[in-house]
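Residue numbers (the numbering used here), protein chains in the order written: chain A, 3 to 149; chain B, 3 to 149.
Number of protein chains: 2
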Amino acid sequence: MNISDVSARSGLPAKTIRYYEEIGLIRPARGANGYRTFDDNDIHKLTFLARARSLGFTIEDCRALLALYEDRDRASADVKHVAEDHLASIDRKIRELQAMHTTLSDLVRRCQGDQRPDCPILQDLAGSADTGAHEALHELTLEQQKS
Amino acid sequence: MNISDVSARSGLPAKTIRYYEEIGLIRPARGANGYRTFDDNDIHKLTFLARARSLGFTIEDCRALLALYEDRDRASADVKHVAEDHLASIDRKIRELQAMHTTLSDLVRRCQGDQRPDCPILQDLAGSADTGAHEALHELTLEQQKS
DNA sequence: ATGCAGGTTCCCGCGACTGGAAGGTCAAGG
DNA sequence: CCTTGACCTTCCAGTCGCGGGAACCTGCAT
Numbered sequence: 003m004n005i006s007d008v009s010a011r012s013g014l015p016a017k018t019i020r021y022y023e024e025i026g027l028i029r030p031a032r033g034a035n036g037y038r039t040f041d042d043n044d045i046h047k048l049t050f051l052a053r054a055r056s057l058g059f060t061i062e063d064c065r066a067l068l069a070l071y072e073d074r075d076r077a078s079a080d081v082k083h084v085a086e087d088h089l090a091s092i093d094r095k096i097r098e099l100q101a102m103h104t105t106l107s108d109l110v111r112r113c114q115g116d117q118r119p120d121c122p123i124l125q126d127l128a129g130s131a132d133t134g135a136h137e138a139l140h141e142l143t144l145e146q147q148k149s
Numbered sequence: 003m004n005i006s007d008v009s010a011r012s013g014l015p016a017k018t019i020r021y022y023e024e025i026g027l028i029r030p031a032r033g034a035n036g037y038r039t040f041d042d043n044d045i046h047k048l049t050f051l052a053r054a055r056s057l058g059f060t061i062e063d064c065r066a067l068l069a070l071y072e073d074r075d076r077a078s079a080d081v082k083h084v085a086e087d088h089l090a091s092i093d094r095k096i097r098e099l100q101a102m103h104t105t106l107s108d109l110v111r112r113c114q115g116d117q118r119p120d121c122p123i124l125q126d127l128a129g130s131a132d133t134g135a136h137e138a139l140h141e142l143t144l145e146q147q148k149s
């Protein structure tokens, strides 16, 4: 099976599949012409990777998960650990985005959006700290800067 | 005022301030020794940028917002437009992350996390589509791939 | 023989920085 | 005057996960 077929089956662009080989996630065979030849196991791995990536796991997470997947003596605790760490980072990102959303939607709501130059959004960015939202977000982002 | 003072005041790393100059967001003066010399306006712009970046605006958004900020004849509608676009992209990201969170937290919850190899997380990644969550997320990510 | 759709490698670019090397400058202390 | 150490400068490389495109090779149909 050539790369474009595998691309269609896995949903991954051919470029991505080549990249995954380059970084050692898969090792497809090569035909006499130099073309990559994918077997069922390669395809299986690629769909695994596509699914893991779609859940937001990093490439290195995927490498670890793939290794665990192929290790029949793995402990499910190890898998769960990777997933929980990722889940926590998703949580952090959601909270960060929600804090932005809160502040921004408030500013947008208060902006007339007409031809006049007066604009609460610019006022906030310029540091006129009369809204309270500024400082609240600042605290939040400070808390989250560790990650 | 030298760069480390400005860094302390604006909260931005010196590296970042140099980068902002490089891409033309600020144009600090130079002393006879070649050191950057920042005036109040530079500092004002940098705190503006720090605030805008902390709200998730891209650098190009920041460039536009800064230009609007300095244009006394701007229409607040233009500012609002930039902010609304950004707000929409924040919304998309939140929904994407929430979809991941839903699926992942379900998988984590169902994983025993012990010494045994059986693991619903790996089963899902491997494509055993008996949960229903897989397909639901797939639909979602397909919808969102446009952005 | 020709065309074209596939495949291959290679290198550059993205965004928004961050780290580090190599070197110039400044103020204080011996 | 010399040294030390903290600053400043520029420049280059790396991050993450690919995507674009050049230049070239292969396979198959006409």
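Backbone N, C-alpha and C fix where the C-beta goes; we use that ideal spot for every residue, glycine too. Remember, predicted model here, so these are calculated numbers, not experimental data.
Query - Cβ pair C64 of chain B, A54 of chain B closer than 7 Å - result: Closer than 7 Å, so yes.
Query - Paired residues, beta bridge with A31 of chain B - DSSP - result: Under DSSP, A31 of chain B forms a beta bridge with B:T39.
Query raised in the report: So S107 of chain B is in the alpha helix (DSSP H); what residue range does that whole segment cover?
Result: Its alpha helix (DSSP H) spans residues S78 to R112.
**Report entry** Simplified DSSP assignment, three categories, for L139 of chain B
**Finding:** Bear in mind that the predicted position of L139 of chain B carries a pLDDT of just 47, short of 50, making it unreliable; the figure below should be weighed with that in mind. Assigned with DSSP and collapsed to three states, L139 of chain B falls in helix.
Query raised in the report: In or out: S56 of chain B buried (at least 16 other Cβ within 10 Å) or exposed?
Result: By the neighbour-count definition (other C-beta atoms within 10 Å, threshold 16), S56 of chain B is a buried residue.
Query raised in the report: Where D42 of chain B and T49 of chain B are concerned, what is the direct C-alpha to C-alpha distance, given to the nearest angstrom?
Result: Roughly 11 Å between the two C-alpha positions.
Query - Element boundaries [alpha helix (DSSP H), containing L68 of chain B] - result: That run of the alpha helix (DSSP H) goes I61 to E72.
Query raised in the report: Who are the neighbours of K17 of chain B on chain A, taking C-beta pairs under 9 Å?
Result: Within chain A, not a single residue places a beta-carbon under 9 Å from that of K17 of chain B; the smallest gap is close to 16 Å.
Query raised in the report: Does the count of Cβ pairs from the region 113–130 of chain B and the region 87–96 of chain A closer than 8 Å reach three?
Result: As far as the Cβ criterion goes, the region 113–130 of chain B does not touch the region 87–96 of chain A, which means the pair count is below three.
Query - N-terminal and C-terminal residue of the alpha helix (DSSP H) that D126 of chain B is part of - result: Residues P122 to L127.
Query - chain A residues whose Cβ lies nearer than 9 Å to that of T60 of chain B - result: Proximity of chain A to T60 of chain B at the Cβ level (cut-off 9 Å) is not reached, the minimal Cβ distance being about 13 Å.
Report task. With 8 Å as the limit, tell me which residues of the region 95–115 of chain B have their beta carbon closer than that to any beta carbon of chain A; keep them in chain order. Result -> In summary, the residues of the region 95–115 of chain B whose CB is separated from some CB of chain A by less than 8 Å are K95, I96, L99, Q100, M102, H103, T105, L106, S107, L109, V110, C113, Q114 and G115, in the order they occur in the chain.
Query raised in the report: Counting contacts by CB-CB distance shorter than 7 Å, is V11 of chain B in contact with chain A?
Result: Correcting the residue identity first, residue 11 of chain B is Arg in this sequence and not Val. Interface flag for R11 of chain B against chain A is unset, since no Cβ pair is found closer than 7 Å.
Requested in this report: Can you give me the start and stop residues for the alpha helix (DSSP H) that R11 of chain A sits inside?
Outcome: Per DSSP, R11 of chain A belongs to the alpha helix (DSSP H) from I5 to S12.
Query raised in the report: Straight-line CA distance for D73 of chain B to H46 of chain B?
Result: D73 of chain B and H46 of chain B have their C-alpha atoms some 15 Å from each other.
**Report entry** Test: I92 of chain B CB closer than 7 Å to a CB of chain A
**Finding:** Taking Cβ atoms only, chain A reaches closer than 7 Å to I92 of chain B, which makes this a yes.
Query raised in the report: Who are the Cβ neighbours of P30 of chain A in its own chain at under 7 Å, not counting the five residues just before and after it?
Result: Hits under 7 Å: E23, R38, T39, F40 and D44.
Query raised in the report: To the nearest angstrom, how far is it from the Cα of L67 of chain B to the Cα of D7 of chain A?
Result: If I take the Cα positions, the gap works out to 46 Å.
**Report entry** Rounded separation between L14 of chain A and M3 of chain B - CA only
**Finding:** Here the C-alpha atom of L14 of chain A lies approximately 52 Å from the C-alpha atom of M3 of chain B.
Query raised in the report: List, in order along the chain, the chain B residues whose C-beta lies closer than 9 Å to that of F50 of chain A?
Result: Residues of chain B passing the Cβ test: L124, L127, A128 and G129.
Query raised in the report: Can you tell which of B:D87, B:I5 and B:L127 has its C-alpha closest to the C-alpha of A69 of chain A?
Result: Taking each of B:D87, B:I5 and B:L127 in turn and checking the Cα distance to A69 of chain A, the smallest one comes out for B:L127.
Report task. Verify the CB distance criterion: does A34 of chain B have a CB-CB separation below 7 Å to chain A? Result -> Under the Cβ distance rule, A34 of chain B does not count among the residues neighbouring chain A, no pair being separated by less than 7 Å.
**Report entry** Straight-line gap, A52 of chain A to T104 of chain A (C-alpha atoms, nearest Å)
**Finding:** Taking the straight line joining both Cα atoms gives about 33 Å.
**Report entry** D123 of chain B to H83 of chain A span [Cα, whole Å]
**Finding:** Just to set this straight, residue 123 of chain B is Ile in the shown sequence, not Asp. Answer to the nearest angstrom: the Cα atoms are 11 Å apart.
Query raised in the report: Out of curiosity, what's the CA-to-CA distance linking Y36 of chain A and S9 of chain A?
Result: Per the sequence shown, the amino acid found at residue 36 of chain A is Gly instead of Tyr. Across the structure, G36 of chain A and S9 of chain A are spaced so that their CA atoms are roughly 18 Å apart.
Query raised in the report: From this set, B:D87, B:Q125 and B:S107, which residue's C-alpha is nearest Y71 of chain A's C-alpha?
Result: Out of B:D87, B:Q125 and B:S107, B:Q125 has the C-alpha closest to the C-alpha of Y71 of chain A.
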